[in-house]
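Below: one structure, written as structure tokens.
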Amino acid sequence: MKLTSLIIALGLLAAPPVHANQPYIVMDGYRVDSQTYNGFRLFRNWCARCHGTFAQGLAGPSLAENLNRIGKMQFMEIVENGKTGQYGVMPAWSSNTQVMAGREDIYRYLKARADGVLGEVRPELAQ
Ligand code: HEC
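Here's what the structure looks like:
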């Protein structure tokens, strides 16, 4: 876990549940806000078969790692239009209304993974 992630995680423990600069809320390492949870569900339905159950990588690259260097705008663009590169072909999702409507939430989930705030665990909806 990177130091910044640890600080964020400790900050969340100390003063849950809101952290101003992050798009997600994670408590106790697995309880998440409804948008982040929706992102996980969408990811599981549409992306996990290539990127791994928890985005750790499979046929496609680890998004838990790569979202450290891909910005949000770039993420949105790649999901919409797809990408072909050294790993292979990532399909475009522009005609999938569920994915397109949920891109922000998928980003939330993946950002929490990339920041190390959420591990390779099945998140649950915080009540
Ligand atoms: C059919 C398999 C497949 C599915 C399903 C899939 N991807 Fe991908 N994805 C890939 C491959 C392969 C790459 C790598 C392309 C390359 O070689 O650069 C990739 C790359 C990406 C990248 C860019 C990563 C980088 O480092 O450049 C993002 C972001 C991404 N996928 C998000 C998603 C999301 C979000 C979903 C679900 C909506 C999804 N992918 C579903 C195969 C898939």
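Quick note on numbering: the sequence shown equals residues -20 to -1, 1 to 107 in mature numbering (1 follows the signal peptide of the UniProt record, and there is no 0). By construction, the Cβ of each residue, glycine as well, lies at the ideal position given by its N, Cα and C atoms. Predicted, not measured: the structure shown is a model, and the values here were computed from it.
(1) Kindly indicate the opening and closing residues of the alpha helix (DSSP H) around cysteine 27.
(2) Per DSSP, what kind of secondary structure is threonine 64 in: helix, strand or coil?
(3) Along the alpha helix (DSSP H) that carries arginine 49, what are the first and last residues, could you check?
(4) Can you name the start and end residues of the alpha helix (DSSP H) that glycine 37 belongs to?
(5) Could you give the residue range of the alpha helix (DSSP H) that holds glutamine 78?
(6) Within the same chain, show all residues whose beta-carbon is closer than 7 Å to that of arginine 83, passing over the 5 residues directly before and after it, in chain order.
(7) Determine the DSSP secondary structure at glutamate 57, reduced to helix, strand or coil.
Short version:
(1) Unbroken run through cysteine 27: none, as it is neither H nor E.
(2) Look at threonine 64 here: in three-state DSSP terms it is strand.
(3) No alpha helix (DSSP H) holds arginine 49; DSSP gives it neither H nor E.
(4) For glycine 37, there is no enclosing alpha helix (DSSP H), since its DSSP letter is neither H nor E.
(5) Per DSSP, the unbroken alpha helix (DSSP H) holding glutamine 78 starts and ends at 77 to 94.
(6) Excluding five sequence positions before and after arginine 83, the CB atoms of its chain that fall closer than 7 Å to its own CB belong to Met56 and Val59, given in chain order.
(7) Glutamate 57 carries a helical assignment under DSSP once its states are collapsed to helix, strand and coil.
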